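Numbering (the working numbering), first residue to last: 2 to 133.
Note that the Cβ used here is the ideal one computed from N, Cα and C, for glycine as well.
Quantities reported herein were computed from a predicted structural model and do not represent experimental measurements.
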């Protein structure tokens, strides 16, 4: 899932948002999908952003404690390692830097709420930071 989002930032294609976010009105479509729509509308893309370094992912919960196969959603706690954002920037279609992407290199812990789609694939409904 993280790789798809990285691809979307590097080559923002609005029609591909549903490859990452659950369809419909939800937090992922609003926030992460909104970022991709903005980049695409402005003919911007992200350069120099390192790939997400997922260190671990653990199933934390399922809706109603149902087995995964029967769950309406699952919560996966994801630990992502440090990434160096010093070379990350948003550029226009000519490659001119529009603005740098600032961010501290730190390990993050987040809960990913995923929903199943027919055919066995999963999509992001929401991602929430976890305070350690």
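- Three or more beta-carbon pairs separated by less than 8 angstroms are not found between the region 53 to 67 and the region 24 to 44, which leaves the two stretches without contact.
- When 10, 2, 111 and 16 are compared, the shortest CA-CA separation from residue 50 is found for 10.
- No Cβ-Cβ contact shorter than 8 angstroms links residue 67 with residue 3.
- Around the beta-carbon of residue 99, fewer than 16 other beta-carbon atoms lie within 10 Å, marking it exposed.
- Between residue 118 and residue 47, the beta carbon gap of about 26 angstroms keeps them out of contact (Cβ cut-off 8 angstroms).
- Secondary structure at residue 127: strand, using DSSP grouped into helix, strand and coil.
- Straight across, the Cα-Cα distance linking residue 24 with residue 8 is about 18 angstroms.
- Sixteen is the threshold: since fewer than 16 other Cβ atoms of the shown chains lie within 10 Å of the Cβ of residue 69, the residue is exposed.
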